[in-house]
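For the protein sequence lines, the chains are A and B, in the order given.
First residue of the first sequence? That's 29 in the working numbering, and the numbers climb one at a time after it.
First residue of the second sequence? That's 298 in the working numbering, and the numbers climb one at a time after it.
Even for Gly, the Cβ is constructed at its ideal location relative to N, Cα and C.
First up is the structure itself, then whatever we jot down about it.
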Amino acid sequence: MKNRYIGKPLRRNEDARLLTGQALFVDDVHIPGMLHVAFLRSDHAHARIGSIDVSAALERPGVVAAYTAQDLGDYWQPGPLLVPPPPIKDIVFHACTQVPLVRDKVRHCGEALAAIVATSRYIAEDALDDIVVELEPLDAVVDVERALEPASPRIHEHIESNLAAHVVQEKGRYETAARQAHRIIKRRFLYDRGVAAAMENRGVVANWDEKSQQMTIWDTTQAPIPIRNGLAAMLGLSESQVQVIAPFIGGGFGPKIMMFYPEEVLIPWIARELKCAVKWIEDRQENFFATTHERGQVHEAEMALSEDGRILGVRDVFLHDTGAYDPYGLTVPINSQCTLLGPYRVPNYYSEFKAVFTNKPIVTPYRGAGRQHGVFVMERLLDIAARELEIDRVEIRRRNYIAPDDFPHNHEIIYQDFAPLTYDSGNYLPALERAVEMIDYHKFLEKEKARLRAEGRYAGIGIVSYVEGTGIGPYEGARVTVEASGKVCLVTGVGTQGQGHYTSFAQVVAEQLGVEVSDIRVITGDTREFHWGTGTFASRGAVVAGNACHAAAKAVREKILKLAARLLKVPEADLVLEGGRVQVKGKPDQAIQLGDLARQANPLRGAVTPGTEPGLEATAYFGPERGATASGVHAMLVEVDPETMMVEIKRYVVVHDCGTVLNPMILEGQIQGGVAQGIGNAFYEQLHFSDNGELLNASFMDYLLPTALDVPPIETDHIETPSPLNPLGVKGAGEAGAIPTGALFVQALEDALSDLDLEINEIPLSPQRLFELVEAAKLERTVVS
Amino acid sequence: MENAPLFSVKVTVNGQLFEREVEPRLLLSDFLRHELALTGTHVGCEHGVCGACTVLLNGEAVRSCLIFAVQAHGQEIVTVEGLTPDGGREALHPLQEAFREAHGLQCGFCTPGILMTLIPFLQEHPQPSEGEIREALSGNLCRCTGYHNIVKAVQLAAETLRHG
Ligand code: FES
Ligand code: FES
């Protein structure tokens, strides 16, 4: 049957509320008598605490309470390890997780030392100045390579060094491949830190109601259910006493999936201590220090190739900067390790990484979650190989793609979901060919480039491939109810941060029930409504929760048909569900409205057959056996201004394959937004730390996000290779836009500046950095010649 | 450490007159959001860069995080809530409608500020070029959309407003 709702670019259910200022965000929650919290944060990155004296702060009118680590008693506990290390042979992993308030030693700048509670946020912030802190600054560990030197200061004294983890994964024998190779390419690659910078900062409101003994928490989290379960345990409450609501969230992108941030643990505790409502809203500067970061890695990689450019093997040894703590386990570096393989056949692979503690804010997934690094290394190696072997960049990729009949493709290493890295399905060549055609790759290289160069212009082209592991388990759930009004209510456990779930999930349900998408009310992110599930991360919403919605809707459809068949006295097979009613095929006058059916399924009097469940409602769960692998190709045309080194993106093309598309409008939005973040990551955004570990550019004045002038229109096209791992055939798309952009940027820039034989092996860049690299390349040329 | 003296502020917001006693340092953004409960105006940076807090002050787009509430004394303010006085129950403003149509918002956090930036812009530029639209948007950060659909929404709105 042809889809009626799935695959249509329907406008979003949630937009009217957002556009009129009626949508509830965490900072919009107001409760009478609510108190406000501000945190005193360390200016030092590494320091031993002498004393923290809050007595003067308590004198200030309007201050209600002040807390340091000592005041927390047994509640003071390091946070839980959120993701245990995967079952990889000989893995070394030291869990050192964040603490609610610093007790003995500061480990990164911005770590919270004390909390002030006052009648207004202004007074709470004033009172921070009254706190007297004595501390002894220590040498900071900033550089990830020096962190492992024996002489380096140690961040966590109970472990021997700053090594957080050591992981080796191997497939085949790289050495053998290297011995047989015609050419070995060997390089060092750098990828530096940035922030997710969701427009909404984090925030928590907690309200303890002493009479009903209930805790209600509004939290800007991507994972309300695990937060509820964890906080109930920490507070010694029953899970039924705690309700966590993730209302509208102003962008997540990963850092809001980090759980049990210090503030998240403290605000509910304070609310219970003071028996009232308490609010904390992060400001932008705090967001730079206290919300997690991503992206610092140093890779030493090599690739063994045959004469015709086929990959015989890859060896990659890298350091991953995990920051001061590692609560998120190894998700990010494992993603780098696995995603490196990309859409290519790599018969031999040796990958080793060390995760390293530094005195910098914590690293947890941010859109892409380590996949960027892997893609950057692989695509760079292929670019350099192509140049050295004199093979076209597109051709070398084509030669190395996994063939369409080679799926499922097992890479024989362990992925972040603890299962072997196995691609479910894929067909890479059509996307490459489509991208080549859309950007007019050959014409540009054969004609345009030389023509522009003759005019004194530096234009270049880039084209890269990637895969993205998406939609990992364990599971999500959904409940679908047909109400007496004939409208449908859909509840799911995942929270939503702008991905359009209110619409795409409704489309999945509408497909089964034949009701209008606008007649489906979607509720997400409220544990009182649904309390089984994990959260929105790893591009899994559409895959895992989407399929749970599908399963629940199917079950309701069966109930509807069964009941209607009984009432209309016809076989189920003769019924159609359409326009909010059930109708006998070909007999429009023999029909019954869904609302009537719902009422009949929930009678107020009379007997029902034993064993029947009331209502037209079903709850279902979906857990994929493993992740679904999406893929794509990005291509870009750039022009570099040789004076200022500003880069103008002339065209940007994305051809993407994420299986069945639920709503192409929303999908395109996800891709465009992802690319914009990728562009920021590649050319605008970089965190700068001093030698003491202070963050030097913690504001939007100094840390540049791309604006409407920097992000070009993104031209997109789609290939649909459905995933065999779920009934809808979907693969995730949330991160795809952001993953290959760095690799694409450097390739296109090298092409634009090909006169100079420039090789760029780092991200992020900036006009200044590009200028330095160009000057260095010029210098080298004069020295050589 | 006495609390600061309070000042009386009288402002017209979305056509309604409000009078409140406030501290002189209270930001207009906080005044709107927390004193008047008009939480449609958002704050993303509180240092004048992101534009999420943009409102109209006497018809001009301003950043309410860079103005004190007392500075708005005696003046007229319009917030996003003022674009559709009934909360959009009946109909959305053509600009809002265009954002919905063109998928010009995702999380929607930046959106109120962007709408308020565009209202006077579209009055002054009934037929804006793409370049002018991008220039007008360049003081508003959006982390979700990549801007392109916002540009399309503005083009669409301009068309409706011209023919509407
Ligand atoms: S909050 Fe006012 S400009 Fe960002
Ligand atoms: S829609 Fe999320 S910041 Fe613009």
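* When we look at the beta-carbon of A:Arg207 and count the other beta-carbons within 10 Å, is it buried (16 or more) or exposed? -> exposed
* Applying the criterion that 16 or more other CB atoms from any shown protein chain within 10 Å of the CB defines a buried residue, is B:Ser361 buried or exposed? -> It counts as buried.
* Name the DSSP bridge partner or partners of A:His16? -> Shown here, chain A extends from 29 to 813; a query on residue 16 of chain A therefore has no answer.
* Asked: Is the beta carbon of A:Asn789 sitting closer than 7 Å to the one on A:Phe317?
  -> no
* To the nearest angstrom, report how far apart A:Gly655 and A:Ala592 are at their CA atoms. => 38 Å
* Using beta-carbon positions only, say whether A:Thr509 and A:Cys517 come within less than 7 Å of one another. => A Cβ-Cβ contact shorter than 7 Å links A:Thr509 with A:Cys517.
* Delimiting residues of the alpha helix (DSSP H) encompassing A:Cys517 -> It is not in any alpha helix (DSSP H) - A:Cys517 instead sits in the beta strand (DSSP E) that spans 516 to 520.
* **Endpoints, alpha helix (DSSP H) assigned at A:Arg395** => First-last for A:Arg395: undefined, no H or E at that position.
* Applying a beta-carbon distance threshold of less than 7 Å, which residues of chain A neighbour B:Thr442? -> Gly697, Gln700, Gly701
* To do: Taking all protein chains shown into account, decide if A:Pro115 is buried (16 or more other Cβ within 10 angstroms of its Cβ) or exposed.
  => If you draw a 10 Å sphere on the C-beta of A:Pro115, you find fewer than 16 other C-beta atoms in it, and that means exposed.
* Residues of its chain near B:Leu303, where Cβ-Cβ distance is below 8 Å and the 5 sequence neighbours each way are ignored -> Glu318, Val319, Glu320
* Figure out for me which residue from B:Glu398, B:Phe315, B:Gly348, B:Arg431 has the closest Cα to the Cα of A:Pro37. => B:Glu398
* **Cutoff 6 Å; reference A:Pro740; Cβ partners in own chain excluding five residues on either side** => Ile677, Tyr680
* Check the Cβ-Cβ distances between B:Gly428 and every residue of chain A, and say whether any is below 7 Å. => no
* Range of the contiguous alpha helix (DSSP H) that encloses A:Arg594 -> Start and end: 574 to 596.
* Between A:Val703, A:Tyr486, A:Asp779, which lies nearest to B:Arg440 when the distance is taken from Cα to Cα? -> A:Val703
* Asked: Using a Cβ-Cβ distance under 7 Å, would A:Phe728 count as near chain B?
  -> At least one chain B Cβ lies under 7 Å of A:Phe728.
* **Per-residue DSSP class, three states only, for A:Leu798** => helix
* Leaving out five residues on either side along the sequence, give the residues of the same chain with a beta carbon under 8 Å from the beta carbon of A:Asn31. => Within the same chain, A:Asn31 has close Cβ partners Glu539.
* Asked: Terminal residues of the continuous alpha helix (DSSP H) containing A:Gln365?
  -> Here the alpha helix (DSSP H) through A:Gln365 covers 359 to 367.
* Check each candidate in A:Glu713, A:Leu715, A:Leu340, A:Gly651 and name the one with the smallest Cα separation from A:Gly505. => Proximity to A:Gly505 across A:Glu713, A:Leu715, A:Leu340, A:Gly651 peaks at A:Gly651, based on C-alpha coordinates.
* May I have the straight-line CA-CA distance separating B:Glu357 from B:Pro417, to the nearest angstrom? => 7 Å
* Kindly indicate which residue of A:Lys475, A:Tyr33, A:Ala710, A:Val403 has the alpha-carbon position closest to the one of A:Leu777. => A:Ala710
* Just the chain A side, please: which residues come within less than 7 Å of B:Arg431 by C-beta, in chain order? => Ala736, Leu737
* **Between the CA atoms of A:Leu449 and B:Tyr444 - distance to the nearest angstrom** => Each residue's Cα considered, the two are about 35 Å apart.
* Considering only the beta carbon of each residue, do A:Ile285 and A:Gly528 sit closer than 7 Å? -> no
* Leaving out the 5 sequence neighbours to the left and right, which residues in its chain are closer than 7 Å to B:Leu453 when beta-carbon positions are compared? -> Close CB contacts of B:Leu453 within its chain, under the 7 Å cut and outside five residues either way in sequence, are with Ala395, Glu398, Ala399 (chain order).
* ligand 1 heavy atom lying under 6 Å from the CB of A:Glu228 -> no
* Asked: Hey, would you say B:Leu438 sits closer than 7 Å to B:Cys350, going by beta carbons?
  -> no
* Measure the alpha-carbon distance for A:Gly490 versus A:Ala414 and round it to whole angstroms. => 13 Å
* To do: Determine the closest residue to A:Asp785 out of A:Val802, A:Ser532, A:Gly760, A:Glu314, with distance taken between C-alpha atoms.
  => A:Val802
* To do: May I have all residues whose beta carbon comes closer than 6 Å to any heavy atom of ligand 1, sorted in chain order?
  => B:Val340, B:Gly341, B:Cys342, B:Glu343, B:Gly345, B:Val346, B:Cys347, B:Gly348, B:Ala349, B:Cys350, B:Arg360, B:Cys362
* Got a sec: which bits of the stretch 34 to 47 of chain A sit with their beta carbon under 9 Å from any beta carbon on chain B, in order along the chain? -> Pro37, Arg39, Arg40, Glu42, Asp43, Ala44, Arg45, Leu46, Leu47
* Asked: Would a C-beta distance cut-off of 7 Å place A:Leu690 and A:Gly708 closer than the cut-off?
  -> Not closer than 7 Å, so no.
* From A:Arg312 to A:Val604, what does the alpha carbon distance come to, in whole angstroms? -> 53 Å
* To do: Figure out for me which residue from A:Leu772, A:Leu156, A:Val811 has the closest Cα to the Cα of A:Leu793.
  => A:Leu772
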